[in-house]
Structure formats: C-alpha cells, structure tokens
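Read top to bottom, the protein sequences are chains A and B. The first sequence: position 9 = 9 (our numbering), numbered continuously. The second sequence: position 502 = 502 (our numbering), numbered continuously. Beta carbons: idealized from backbone N, C-alpha and C, even for Gly.
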Amino acid sequence: MPKVLVVDDEPNIVLSLEFLMQRAGFEVATAEDGEQALALVAEQSPDLVLLDISLPGISGFDVLERLRADNTHSRLPIIMLTAHGREVEREKGFALGADDYITKPFSTQALVDKVKGLLNEER
Amino acid sequence: MRSDPIMLSVAFGYLALLFVIAAWADRRAEQGRSLIGSPTVYALSIAVYCTAWTFYGSVGRAAVYGPSFLLIYLGPTLAMLVGPLLIRKMVRIARAQRITSIADFISARYGKSDGLGALVALIALLGITPYIALQLKAITLSHAILTQYPAFPTDILADAGFWNDKSFWVALVLAVFIILFGTRHLDASERHEGMVAAIAFESLVKLVAFLAVGLVTVFVLYNGPGDLFARAAAHPALAQALSLERVPGGALGWVGMLVLATLAFLTLPRQFQVLVVENVDEDHIRRASWLFPLYLLVINIFVIPVALAGVLLGDASLSPDSFVLTLPLAAGFDGLPLLVFIGGLSAATGMMIVETIALSTMVSNHLIMPLLLRSSWIHLGSRLSGGQGELTGWLLGIRRVAIVLILLLGYLYHALIGDAYSLVTIGLVSFAAAAQFAPAMLIGMYWRGATRAGAFSALILGILVWAYTLLIPGFAQSGWLDMALLDDGFAGIDWLRPYALFGLEGWDIYTHSLFWSLLANVGALVGVSLFSRQSRLEQTQAALFTEAMHPELMYRTPLWHGQTTLGELHKLLSRYLGTPTALRILDGDDRQGGDTSAAHSASPALIARAERALAGALGNASARVLINSVVRGEALDLNAVLSILDTTSQALEYNRRLEQKSRELTQISEALQAANERLRELDRLKDEFVAMVSHELRTPLTSIRAFAEILRDSDNLPEDKRHHFLEVVVHESQRLSRLIEEILDLARLESGRLTLHPERLDLADLARRSADAVQRVQEERGVTLKVDTPSSPAEVIGDPDRLEQVIINLLDNASKFAADDQGRVRLALSRHKQHWRLSVEDNGPGIGEAERERVFEKFHQLERQDGGDAPARGRPRGSGLGLPISRGIVAHLGGRLWVEDGPTLGGACLIMELPQAPAEDTATSPFNSD
C-alpha cells in the first residue's frame with residue numbers, strides 16, 4: 001500500500017487530506033511543519049508528499065529544495081499545496097522540482113486523481 | 001644744542017635725507033626693483049593722514065576737550081575696516097580710467113565734464129590751502145618754541161620779514177622736492193615711487209618721535225601710567241578731563257565728528273592720492289585695512305598721558321598745542337625736543353608734499369589746461385598742422401609753477417591770517433570742505449542715475465552752505481567781518497545766523513555745518529539728478545563707474561567711431577606726451593598690420609588707447625577735447641559699453657529665469673517622482689494586502705470545501721465522523737466570517753470610516769467582564785488568568801464594544817502565547833499620571849526587541865524564538881489582524897497600545913493606555929452622589 005505524507009500547518013486541512021488519502025486506499029503520515037516533514041521522509045520513505053508552501057519555520061519551498069538535493073529522494077513525487085494563487089509561486093515550485101501544483105481551495109476529486117496519476121507513473 | 005644754526009642744519013639735513021630716500025626709491029623703480037610694491041609701505045603712506053595737526057594738535061585737543069580727538073582717527077579706522085570693498089572699487093575705476101586726482105575722478109564719472117573738474121579743483125584749493133598753511137604754522141611755532149624756550153613766542157611774524165621766517169624756506173625746499181619727485185613724469189596717473197617711499201619713511205619718523213615723547217613722559221617723568229593717572233586724578237581741573245561730556249555738542253557732536261572724519265579720509269585730495277592714485281596693487285588694501293588702523297592706535301596711545309602731564313606742569317602760559325615740545329623742554333632734555341621737532345617736521349612736510357602734488361595736478365589739468373585748450377593761442381587745429389615743437393616740457397612747466405604757487409598761497413595764508421585760528425579749527429574747516437566731494441563721488445559710484453547737473457548743484461550748494469556756516473563766521477571771529485553777522489544773522493534775519501541756521505541751536509559748529517551742507521549737497525544731487533537727463537557719454541561713464549567690478553567692463557572705454565590717421569594721432573601724442581611715448585603707444589598696436597604710413601587710418605582701439613594715455617597726463621576731460629580735435633565724423637560709439645551692460649544684464653536675467661525655471665522643473669519632477677514612488681509603494685502594499693487577504697480567506701475555505709465534498713461523496717460515514725466534519729465546517733465558517741469582519745474593520749480604520757460610540761465607562765468593570773468572557777477558553781487551553789483591577793472605577797471615554805473587542809483580543813493572544821505548561825496570564829489596571837493603563841502579560845517566551853513594532857503590522861505572524869510554530873501546540877493561530885485592529889481602535893480613542901517586557905511573569909506584556917475621563921460636574925455634585 002503506497003504511503004502518502006501530508007504536510008500542512010492547518011490541523012483541519014491535514015484532517016481532510018488524511019481522510020481523503022485513506023479513503024483512496026493509501027497509508028498516511030502527517031506533519032505540521034517543514035522539519036517534521038523532512039524527518040518523516042527520512043524515517044518512513046513515503047511514496048508521495050502533499051506539501052503546503054507557507055509553513056512556519058522552514059517553508060515548503062525549502063523542504064522541496066532539500067529533498068531534491070538529496071539523491072535518495074530526488075525522484076520522490078511531490079505535489080505542492082498553496083493558498084497563494086499567484087503564477088510566480090507555481091513557476092517557482094516547478095523550477096524547484098515539484099511534480100504538480102494544487103491551489104487551495106481544491107476539488108477533492110481532482111486532488112485524488114492527481115495523486116493516483118503520479119503514483120501510477122511511478123510504477 | 002638748540003641754537004639756530006644747529007636747528008637749521010638738522011631741519012634741512014632731514015629734508016636732504018628725504019631727497020636721498022626718494023631718489024633711491026626712484027632709482028630702484030627704474031631698475032624694476034620697486035620699493036613700494038609692499039602693502040606695508042602702502043599702509044604707511046596712508047598714514048600721511050596724520051599731519052602736524054595730529055602731532056601737536058591731538059594733545060591740545062585732548063587737554064581741552066578730553067577724548068574727542070579720538071573721533072578724528074576712529075573715522076578712518078571705520079572706513080578702513082568696513083570699506084575695503086569701496087576702496088577696491090575706487091582703485092579699480094581709477095586704474096581703468098587713468099584717474100589722476102579726485103577732481104578727475106568726479107569729472108570722469110559725470111561724462112568727463114571739464115566744468116566739474118574745475119569746480120572740484122577750485123573747492124579743493126579753497127578748502128585745503130588753509131590746511132597747508134596750518135602745517136607751515138606748526139613748523140614755525142615749533143621752531144620758535146625750541147629756540148626761545150622758556151619764553152613763549154608771541155607775534156612770530158610781526159617784526160621779522162618773510163626772509164627771516166624759516167617756514168618760508170621750508171616751503172621753498174619742499175617746492176624743489178615736489179618738483180623733483182612729483183613731476184618726474186608727465187603721466188600723473190603713474191606712481192610717484194620716490195615720493196611714496198619718502199612719505200612712508202616720514203610716517204615712521206613721526207611715529208617714533210611721538211612714541212619717544214610718550215614713553216619718556218610716562219616712564220621717566222612719571223613712574224608708569226599708574227602714577228601719572230593717580231596724580232592727574234588728584235588734580236581738580238583734570239578729574240573730569242577724560243569724561244565724555246567734554247566733547248562739544250554731546251552725542252551729536254560725536255556722530256558729526258565721526259562722519260566728518262570718515263568722509264574726509266576718503267575725499268581729502270592727499271588721501272585720494274595715496275589711497276587710490278598711488279595704489280600699485282589692489283591686494284595691498286587688505287593688509288592696510290588693519291595695519292593703518294593699528295598705526296593710528298599706536299600713534300594715539302600716548303596722547304592722553306602727554307596731555308595730562310602737560311596740564312600737570314601747571315604753566316598756564318603754555319599752549320596745549322605745544323605740550324609735546326614743552327614737556328621735554330621743561331624736563332630739561334636736550335636731544336628729545338630736537339627729535340620731536342623732526343617728528344613734527346616730518347608730519348608737516350609729508351602732508352604738504354602729497355597735498356601739493358594732488359592740488360597741482362588738479363590745478364594744471366582741470367583749471368589751466370581747459371583754459372589753454374580753449375584759447376585760440378594754443379589751439380591745436382592750427383598748431384598741429386604748423387608742426388610746432390613738443391608741448392610736454394611746457395605742460396610739466398605748468399604743473400611746476402602750480403606747485404610753487406600753491407605752496408606760496410599756503411605760506412601767504414599762514415603769514416596773513418594763520419594766527420586767527422587754532423590748529424584744530426583750520427583742520428576741521430578743511431575736513432568739512434573735502435567732505436563736500438563725498439556725495440558726488442560715493443553716490444556716483446553706486447547710483448547710475450546721478451547726473452552731471454546733479455553733481456554740479458550738489459557741490460555748489462554744499463560748498464556755499466559750508467562757507468556760510470564755517471568759513472565766514474571764522475572771518476568774523478578773526479575780526480575781518482562784523483560779529484553782528486554771528487549774533488543777529490545775515491541782514492539781521494534771525495534764522496540765518498551762521499551757527500544756528502534755521503533755528504538749529506545747541507549743536508557744535510562742525511556738526512551743525514556738516515549737517516546742513518551735506519543735507520543741501522545730497523538733496524541737490526538726488527533731486528536734480530532725478531529731474532535731469534544724462535548725455536550719452538555720461539550714461540556710458542556712469543555705467544563704467546557703477547559696474548566697475550563687472551569683469552567684462554574692466555578697462556573698457558568708449559570706442560571712437562570717427563576717422564583719423566596715424567599721422568595725426570602721432571602728432572597729437574608727440575606734442576603732449578613726447579615722441580618716445582607716442583611711438584610706444586603707436587607701435588604697441590599690432591592690428592595696424594605693419595602699415596604705419598601716416599595716411600593710414602587709426603583703429604578705434606588705438607584711438608581709445610591714445611585717449612587713455614592722454615587722460616593719464618592731462619585728465620579725462622582734456623584728453624577727450626584733444627582726441628575730439630583730431631577725430632572727424634561721428635564722435636563716440638557709446639552704444640558699445642551700454643550694450644555690453646545691457647546684453648550681459650539681459651543674459652544674466654535670462655539665465656536667472658532659466659535657472660529658476662529649471663529649479664522649479666526639478667522640484668516638480670522630484671515631487672512627481674516621490675509621489676510616483678509613494679504610489680508604487682502603496683500599490684505594492686495593496687497587492688501584498690490582497691495576497692494576504694486571499695491567503696487567509698482560502699485557508700478556512702479550503703477546509704470547508706474539502707469537508708463539504710467529503711460529506712457529499714462519502715455515503716457511509718460513521719455518525720461521529722460525520723458530526724466531527726460538520727463541526728469543522730461550522731467552525732471554519734465562523735472563522736471565515738470573523739476574518740471578513742476583521743478585514744472590514746481594518747479597511748474602515750484605515751479609511752477613517754470606523755464609527756465609534758464613545759461614552760463614559762468604567763474600564764475596570766469592562767476588563768473584568770472581558771476576562772469572564774474568555775475564562776472558559778483560557779481554561780481549555782490550560783491557562784490560568786489572574787485579574788488585578790482597582791475597586792474604584794477607572795473612568796475613561798470609549799466605545800464599550802470596541803474596547804471589549806480589544807481586551808478580549810489581548811487576552812486571547814496572551815493565552816495563545818503563554819507557556820505550554822502552567823500557562824499564566826495576568827490582566828492589571830493601574831493609573832499612570834492622567835491615564836489608565838491596562839496591561840496583559842503572559843509567561844510565554846516574550847517578544848524580541850526587533851519584533852515589538854512588527855506585531856502591529858497586518859498579517860504578521862509571530863514565530864517562536866525556538867523555531868516552533870507561533871502559538872503553543874494545540875492553540876489556534878490568529879489571523880494576524882487582531883493587534884493592528886486593536887491599535888487602530890485605541891488610537892481612535894486617543895490612547896496608545898504597545899509591547900513591553902512583562903514585569904512579573906517574564907513573557908510579553910501588551911499595554912493599552914487611555915486618557916482618564918475628565919471630571920464630570922454632575923458626578924462631583926453632592927446632590928447626585930447616591
């Protein structure tokens with residue numbers, strides 16, 4: 001069973017994402033800030049990360065950059081989540097190596113489809 | 001030691017020494033190693049101001065009138081200290097126009113008028129001759145005292161013929177000296193180097209002599225100044241000798257004397273000669289401006305001590321004017337009186353030499369030459385073509401004869417009427433005459449509108465008033481006229497009394513005369529100038545004088561438009577200046593292109609140069625007449641100078657306007673740029689705000705949408721989950737509405753449209769109610785809340801709902817940031833001067849110095865120092881709008897909100913301060929206190 005890591009500092013958003021991923025049949029780990037996220041990636045080697053950008057402390061972009069710099073996780077599928085609807089943010093995310101990008105508020109169906117799509121590609 | 005032969009040999013030996021010095025200086029000048037190219041020599045030559053009158057008369061005046069003698073020296077000091085710019089301008093004009101004397105200066109200013117030149121020369125002759133006589137009188141008197149002491153000389157001239165009078169011979173020797181060193185060159189605008197060197201030397205001699213008398217008096221006859229003054233103080237008649245009340249005419253007398261001395265310093269012919277004509281370098285003025293006043297100070301320092309000592313001698317038969325001599329004589333000195341005599345001689349001869357040179361130049365150039373040029377006897381038209389010989393020797397001859405005549409005139413005045421006046425009186429009368437030149441000269445240098453007619457009327461009126469109020473009364477007092485004139489006025493008309501003109505009484509005679517004569521003088525100059533027109537030449541000259549510091553106009557002179565040939569010009573110049581000079585002037589002109597044939601026409605520049613050279617020798621007026629006699633056709637191109645002035649002033653004006661315009665444009669563009677930047681900044685802030693707002697709104701919206709979709713799509717959700725998710729949706733919706741409220745509040749606050757409903761309220765009560773409202777939430781978060789409010793009401797004016805919102809926000813924040821474990825929050829209220837301070841403190845990590853203002857920025861989220869997320873775990877994050885809104889509300893209520901270190905709990909402390917409500921009348925009324 002693929003494992004998805006959900007990273008967000010809003011507890012309710014984490015709760016919704018956790019439920020959605022579980023319902024789609026994935027194992028779920030959650031983190032509420034960047035450092036926790038990095039620790040969990042190292043510890044549990046998830047198959048995909050849903051990563052919020054505006055995190056307290058080290059931001060989502062920082063996490064993304066560090067993961068991509070690390071050889072073992074350079075190909076880990078990462079979907080950026082952001083409440084900023086701006087083009088620049090999206091471009092920056094892709095430039096840093098994000099696989100996809102989802103703007104809040106999102107359609108739950110579209111989100112699940114994207115996660116499934118990415119995981120299938122990996123296989 | 002004081003026998004006549006010794007005296008004579010000393011005196012004439014001294015004069016011989018002057019010859020040697022002057023000859024040496026002239027030799028040096030010819031070798032190109034000028035002696036007078038030094039500012040010190042310049043300053044010393046200006047000291048020709050100190051004549052025998054200073055040398056003997058100052059002590060006399062001090063003995064009679066106290067310290068008033070100082071005014072005669074304060075005037076020049078003032079002029080030198082504050083007037084270097086004025087003097088610099090005079091020197092520059094004189095150089096540019098080849099000015100030879102003050103008569104030439106005034107004549108040149110008013111269109112090279114020969115009439116004005118003649119008038120000034122006449123006035124100078126009339127006013128200054130007595131002054132020369134005064135010097136001769138001083139020499140005679142000092143010689144007589146020296147040879148006859150202790151008998152006081154009386155009737156010096158009564159029984160002896162003039163051939164027995166030493167001063168006659170002195171005058172003759174001086175005439176020879178002046179002819180030798182004052183008329184070496186025809187060009188009077190050239191420096192008389194030997195003469196100036198001799199004058200500077202004389203200034204040193206008189207200074208040394210006077211200091212010697214002073215030092216001997218104070219330190220040999222008395223034991224220092226203390227001793228002298230103590231003895232003087234014990235002397236009843238001297239007790240008030242130094243008091244200022246002894247100045248004639250009181251305070252007005254002071255002012256009058258000061259003005260008189262200041263003007264005379266600039267206008268006395270000899271002062272104009274050394275100050276302006278003999279100046280070799282404008283920069284010398286700078287050193288002279290302090291060195292000359294210093295000289296005056298030093299030469300005057302012993303005047304009062306010598307005067308006191310003289311009076312203390314107690315010999316009533318001695319004239320105070322001769323104390324300088326009689327004091328050392330009475331003390332039995334032998335050599336010192338001789339030195340004093342030499343000092344007096346040097347003071348007298350110095351004045352006579354310079355004054356005579358100045359006067360003779362004026363007389364020959366402005367009185368005699370114009371007459372000769374007009375008479376048919378010397379008329380150039382016929383003479384030039386007739387090829388007569390050079391006139392240079394002839395011209396110098398005129399000047400030499402003038403010198404002898406002037407000195408003889410002085411001698412005659414001295415011999416005939418000199419005894420009637422005291423030294424001081426003659427000097428001051430001369431000063432007042434010279435002062436009449438001041439308005440025409442000084443105003444003419446700064447006011448372009450002063451006209452020739454104005455200057456004429458000014459000089460004539462001024463000198464008439466001077467004569468009526470000073471000269472004629474003097475004659476009356478000498479017994480030459482009926483004293484009734486003084487007592488009853490002219491023809492018995494009371495208000496025409498010379499010493500009380502128009503009923504002006506109680507002034508001393510000099511101030512009185514100066515006042516009326518200058519009033520008439522200046523009044524006529526300004527009045528007539530306003531109603532008369534200037535000729536074109538006058539306009540040009542006026543412009544050249546007033547704009548003398550204008551770099552483009554320096555050395556400009558109106559160009560001749562008419563035609564003449566080189567041959568004619570050559571003839572004219574050789575005739576008046578001599579062939580070598582003429583050739584030098586003509587050869588210097590390269591623009592003739594090598595064609596020097598006599599028939600070739602002369603260039604305008606060459607004609608101008610020829611005129612300048614003639615002006616240096618004959619004065620401006622005569623030079624113009626001479627050039628006019630050879631130039632045919634249209635005379636002068638007067639427009640050239642005026643157009644330079646006009647175009648430059650137009651260009652300047654245009655430039656000034658352009659500069660102003662460009663300054664204005666720069667300012668506008670700067671303002672625009674600033675406004676633009678401000679707009680950009682506002683735009684950026686707005687973008688940021690919109691992004692923040694959208695971010696903040698999207699967050700709850702995300703949860704709401706996600707759970708709504710989950711609820712919609714998940715058919716078989718367990719009841720508890722369904723319930724929980726619905727709770728989340730409700731909670732997040734509430735959060736969303738709250739956020740929208742806050743954003744609206746903020747928008748209203750910032751646009752100033754927030755409506756508050758202020759009323760008198762008890763802040764303590766409000767604080768307790770707010771604490772109750774958050775009690776439950778605090779407990780949930782595991783935070784203990786302590787409330788410290790006074791029992792008595794804390795009255796402020798405020799909107800209760802809004803203030804409650806602020807207090808709840810503060811409490812909410814504090815409980816979020818309080819320590820995870822055993823979190824504590826304390827609310828306290830206390831009075832501070834005229835304010836109530838409500839503080840909310842927590843035991844959290846506190847807020848760093850750098851963050852304390854930033855927490856009031858919109859959407860600012862605090863980050864914990866330890867890197868954890870902002871509020872402690874399990875506590876909701878704020879929107880980042882609470883504090884900015886709170887601060888806005890408090891500010892609207894006239895209060896302040898800020899962050900400090902918590903005093904008791906060690907965390908952050910937010911303090912809200914509101915002004916105490918003013919005392920309410922009804923509340924203090926005993927009838928309402930239930």
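Given 8 Å as the limit, is there contact between the region 351–365 of chain B and the region 115–135 of chain B, that is, 3 or more CB pairs closer than that?
yes
Taking 8 Å as the threshold (beta carbon to beta carbon), is isoleucine 710(B) in contact with chain A?
Within the second sequence, the letter at position 710 stands for residue 710(B). Answer yes: the Cβ-Cβ gap between isoleucine 710(B) and chain A drops below 8 Å somewhere.
Is any beta-carbon of chain A found at less than 8 Å from that of valine 855(B)?
As a position in the second sequence, residue 855(B) is number 855, starting the count at 1. Chain A contact via Cβ: absent.
Return the residues of the region 10–25 of chain A that lie within a Cβ-Cβ distance of less than 8 Å from chain B, sorted by chain order.
Glu10, Asn12, Ile13, Leu15, Ser16, Leu17, Phe19, Leu20, Arg23
Flag alanine 42(A) as yes if its beta-carbon sits less than 8 Å from any beta-carbon of chain B, otherwise no.
The sequence position of residue 42(A) within the first sequence is 42, counting from 1. Chain B, which has no Cβ nearer than 8 Å to the Cβ of alanine 42(A), makes this no.
Just by C-beta distance, which residues in the region 56–72 of chain A are closer than 8 Å to chain B?
Pro56, Gly57
At a CB-CB cut-off below 8 Å, which residues of chain A make contact with leucine 810(B)?
To locate residue 810(B), count along the second sequence from 1; it is residue 810. Going along chain A, no residue has its Cβ under 8 Å from leucine 810(B), so there is no contact; the nearest lies around 22 Å.
In angstroms, rounded to a whole number, what distance separates the CA positions of leucine 263(B) and alanine 434(B)?
Translated into positions along the second sequence, residue 263(B) becomes position 263. Translated into positions along the second sequence, residue 434(B) becomes position 434. Across the structure, leucine 263(B) and alanine 434(B) are spaced so that their CA atoms are roughly 8 Å apart.
If you compare alpha carbons, which of Ala175(B), Pro305(B), Ala261(B), Ala138(B) is closest to valine 216(B)?
By one-based count along the second sequence, residue 216(B) stands at place 216. Here the closest residue by C-alpha is Pro305(B).
What is the rounded straight-line gap between the Cα of methionine 7(B) and the Cα of histidine 143(B)?
The count along the second sequence starts at 1 and reaches residue 7(B) at position 7. The count along the second sequence starts at 1 and reaches residue 143(B) at position 143. Near 8 Å, if we compare the C-alpha coordinates of histidine 143(B) and methionine 7(B).
Tell me, please, whether the CB atom of arginine 738(B) is closer than 8 Å to any CB atom in chain A?
As a position in the second sequence, residue 738(B) is number 738, starting the count at 1. Judged by the 8 Å Cβ criterion, arginine 738(B) is not in contact with chain A.
On the DSSP letters alone, give me the boundaries of the alpha helix (DSSP H) that threonine 326(B) sits inside.
Within the second sequence, the letter at position 326 stands for residue 326(B). Element bounds for threonine 326(B): 323–330.
Suppose only complete runs of 4+ residues qualify. What are the alpha helix (DSSP H) ranges in the region 21–59 of chain A, listed by chain order?
The region 21–59 of chain A contains these whole alpha helix (DSSP H) runs: 34–44.
Distance, Cα to Cα, phenylalanine 19(A) vs valine 4(A)?
Locating residue 19(A) in the first sequence gives position 19, where the first residue counts as 1. Locating residue 4(A) in the first sequence gives position 4, where the first residue counts as 1. Going from the Cα of phenylalanine 19(A) to the Cα of valine 4(A) covers about 12 Å.
Could you give the DSSP three-state label for glutamate 202(B): helix, strand or coil?
Start at 1 with the first residue of the second sequence, and residue 202(B) comes out as number 202. In the displayed model, glutamate 202(B) falls within a helix according to three-state DSSP.
For leucine 977(B), write down the residues that DSSP places opposite it in a beta bridge.
Lying before the first or after the last residue shown, residue 977(B) is absent from chain B, which here runs from 1 to 930.
In whole angstroms, give me the CA-to-CA distance for valine 783(B) and glutamate 795(B).
The sequence position of residue 783(B) within the second sequence is 783, counting from 1. The sequence position of residue 795(B) within the second sequence is 795, counting from 1. Going by the C-alpha atoms only, they are around 29 Å apart.
Rank Ala138(B), Ile797(B), Arg584(B) by C-alpha distance to the C-alpha of histidine 835(B) and give the top, closest one.
As a working mapping, residue 835(B) is identified with position 835 in the second sequence. Out of Ala138(B), Ile797(B), Arg584(B), Ile797(B) has the C-alpha closest to the C-alpha of histidine 835(B).
At a Cβ threshold of 8 Å, is lysine 114(A) touching chain B?
Taking the first sequence and counting its residues from 1, the one referred to as residue 114(A) is at position 114. It does not: the Cβ of lysine 114(A) has no partner Cβ on chain B nearer than 8 Å.
Check the Cβ of phenylalanine 106(A) against every Cβ in chain B and list those closer than 9 Å, keeping chain order.
The residue given as residue 106(A) occupies position 106 in the first sequence. Per Cβ cutoff of 9 Å: Thr702, Arg705, Ala706.
Here's the rule: buried if 16 or more other CB atoms are within 10 angstroms of the residue's CB, otherwise exposed. What is tyrosine 131(B)?
Translated into positions along the second sequence, residue 131(B) becomes position 131. Buried is the call here.
DSSP on threonine 361(B), reduced to helix/strand/coil?
Here residue 361(B) refers to the residue found at position 361 when the second sequence is read from its first residue. Three-state DSSP puts threonine 361(B) in a helix.
Give a yes or no on whether 8 Å exceeds the smallest Cβ distance from alanine 870(B) to chain A.
Looking up residue 870(B) in the second sequence gives position 870. Since pLDDT at alanine 870(B) reaches only 48, below the 50 mark, its modelled position is unreliable, and the value read off the structure follows with that caveat. So yes, alanine 870(B) belongs to the interface.
Run down chain B in chain order and give the residues with a C-beta less than 8 Å from the C-beta of arginine 86(A).
What you label residue 86(A) is simply residue 86 of the first sequence in a count that begins at 1. The contacting residues are Ala691.
Just to make sure I have the definition right: I need the residues of chain A whose C-beta is within less than 8 Å of the C-beta of threonine 699(B). Which are they?
As a working mapping, residue 699(B) is identified with position 699 in the second sequence. Within 8 Å Cβ-Cβ: Glu10, Ile13, Ala83, Lys104.
What does glutamate 742(B) reach in chain A if we use C-beta pairs closer than 9 Å?
The residue given as residue 742(B) occupies position 742 in the second sequence. By Cβ distance, chain A contributes nothing, its closest Cβ being about 17 Å from glutamate 742(B), past 9 Å.
Thinking C-alpha only, which one of Arg776(B), Ser886(B), Val825(B), Val728(B) is nearest leucine 746(B)?
As a position in the second sequence, residue 746(B) is number 746, starting the count at 1. Nearest C-alpha to leucine 746(B): Ser886(B).
Under 8 Å, do glutamate 696(B) and leucine 739(B) count as touching if we go by C-beta distance?
Residue numbering aside, residue 696(B) sits at position 696 when the second sequence is read from its first letter. Residue numbering aside, residue 739(B) sits at position 739 when the second sequence is read from its first letter. Yes; because the gap between Cβ atoms is below 8 Å, this pair is in contact.
Helix, strand or coil: which one does DSSP assign to tryptophan 447(B)?
By 1-based counting over the second sequence, the position of residue 447(B) is 447. In this structure, tryptophan 447(B) counts as coil in the three-state DSSP scheme.
Give, in chain order, every unbroken run of the alpha helix (DSSP H) that is at least 4 residues long and sits entirely within the region 72–109 of chain A.
87–95
Name the chain A residues whose beta carbon is nearer than 8 Å to that of serine 815(B)?
Within the second sequence, numbered from 1, the residue matching residue 815(B) stands at position 815. Serine 815(B) does not reach chain A, its nearest Cβ partner there being about 18 Å away, counting only Cβ pairs nearer than 8 Å.
Return the residue from the list Ile78(A), Leu50(A), Asp62(A), Leu111(A) that minimises the CA-CA distance to threonine 30(A).
The sequence position of residue 30(A) within the first sequence is 30, counting from 1. Of the listed residues, the one whose Cα sits closest to threonine 30(A) is Leu50(A).
Counting Cβ pairs, one atom from each stretch, are 3 or more of them under 8 Å apart for the region 440–459 of chain B and the region 526–534 of chain B?
yes
Name the chain A residues whose beta carbon is nearer than 8 Å to that of histidine 695(B)?
Numbered from its first residue, the second sequence carries residue 695(B) at position 695. The contacting residues are Ser54, Ala83, His84.
If contacts are defined as beta-carbon pairs under 8 Å, then aspartate 26(B) and glycine 194(B) qualify, I think. What distance do you get, rounded to the angstrom?
Here residue 26(B) is taken as the residue at index 26 of the second sequence, counted from 1. Here residue 194(B) is taken as the residue at index 194 of the second sequence, counted from 1. Separation of the CB atoms of aspartate 26(B) and glycine 194(B) is rounded to 4 Å, and the pair is thereby assigned contact status at 8 Å.
Provide the residue(s) that pair with histidine 835(B) in DSSP beta bridges, ordered along the chain.
Counting from 1 along the second sequence, the entry for residue 835(B) is found at position 835. DSSP, once it has assigned bridges, lists His832(B), Pro915(B) as partnering histidine 835(B).
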